[in-house]
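Here the structure comes first, spelled out in structure tokens, and everything after it is commentary.
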Amino acid sequence: MKQYNDTLMLLDYLEGDAVISQGKEAVMKWFKIIEPKIISKTAQYDTVRPLTTEEKTRLSITSVDDLVDQALMSDRAVDNETYNPADFKTSYIAIDYMTAIYGGGKNSIGSPGALMFKHNTFRLWGYYGFEKGVLGYASNKYKKQAIEEGQLGLSDDFIISKISNGEFTSMEAFKKAYFAKVVNQLKEKGIRSVVIRQKEYSSFDELLEGFKEAVQKDLAKSQFNEQETRNFKFEVFRQLLQQTDSFKQSIFK
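FYI, full-length UniProt numbering numbers position 221 of the sequence shown as 221, with every residue one higher than the one before it.
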């Protein structure tokens with residue numbers, strides 16, 4: 001799952017960077033928020049909702065790291081709802097993999113919501129592998145340590161600190177480091193070339209320009225949606241999938 005997750009992290013970064021380059025109005029249109037809904041001392045749900053007018057006015061987004069810190073996601077595919085792990089309707093959410101989720105869940109108390117649990121499990125799988133990442137996050141591997149250290153529950157912050165051996169103290173710090181890792185690889189090496197509408201893309205600048213063009217087309221629509229950007233993003237993903245034997249090989253040159 002490494003190359004699969006690396007690809008999605010890279011494409012999410014490029015989408016976010018392209019939107020930010022179009023200014024605050026674009027950012028206000030493009031993103032919505034995932035916020036924790038605390039239900040007990042050891043558990044929370046994820047609530048996805050539009051940004052309020054006041055929140056849009058206060059927005060200060062100059063980098064993808066800001067999207068992470070402010071718990072934003074692209075406004076498509078995931079319904080505005082509270083995602084409860086114990087609720088049949090929302091616990092089995094299928095996340096469209098072309099939907100960019102930047103936040104980490106802001107979970108310092110215990111069990112995460114259904115949406116961020118699924119999303120974070122996959123990203124940890126990509127970065128750390130199945131045994132260290134998935135089993136470390138999705139099992140009770142660190143439960144005994146949590147009790148010994150006086151934790152009320154197995155929070156994301158506690159678990160990522162254990163998985164990373166203290167390198168990260170929050171899921172947000174992990175997400176920012178993961179973004180930086182794949183973007184640096186793209187800038188240093190480039191990716192396997194993809195061709196979309198007779199244009200070739202393999203470098204950071206080329207891909208970012210392609211995303212900017214797609215974002216601009218979406219923003220210019222009288223009935224706004226993000227379909228041009230999703231289509232461009234999916235085509236890059238699809239061609240990399242084919243060129244790497246279903247992500248068994250590196251996407252980078």
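Heads up, the beta-carbon is just placed ideally off N, CA and C, and yes, glycines get one too. All values derive from a computational prediction rather than experimental measurement.
The segment 35-93 contains, as complete beta strand (DSSP E) runs of 3+ residues, the segments 43-49, 72-74 (chain order).
For E148, the enclosing alpha helix (DSSP H) begins and ends at 143-148.
In the structure shown, K248 adopts coil according to DSSP, grouped into three states.
Inter-segment contact for the segment 74-84 and the segment 57-64 is absent: fewer than three beta-carbon pairs are separated by less than 8 angstroms. Listed in chain order, the alpha helix (DSSP H) elements of length 4 or more contained wholly in the segment 150-181 are 156-163. In this structure, N120 lies away from Y102, with their beta-carbon atoms at least 9 angstroms apart. Of the residues assessed, A220 falls on the exposed side of the cut-off, its CB having fewer than 16 other CB atoms within 10 angstroms. Residue burial is scored here from C-beta neighbours: F211 has at least 16 other C-beta atoms within 10 angstroms and is therefore classed as buried. In this structure, the beta-carbon distance from G126 to N5 falls below 9 angstroms. G129 and M171 do not touch by the CB rule: their CB atoms are close to 17 angstroms apart, not below 8 angstroms. DSSP places K253 outside both helix and strand once states are collapsed to three, so it counts as coil.
Look at K106 here: in three-state DSSP terms it is coil, with no helix or strand label.
Annotated as distal: P112 and D12, with beta-carbon spacing of 9 angstroms or more. The three-state reading of DSSP puts I20 in helix, counting H, G and I together. Setting aside the 5 residues that flank it on each side, K176 is surrounded in the same chain by D65, V68, each with a C-beta closer than 7 angstroms to its C-beta; the list follows chain order. Taking the CA atoms as reference points, K41 sits about 34 angstroms from V27.
Proximity to E188 across E226, V195, A180 peaks at A180, based on C-alpha coordinates. With a beta-carbon spacing of about 20 angstroms, I34 and L154 fall beyond the 8 angstroms limit used to define contacts.
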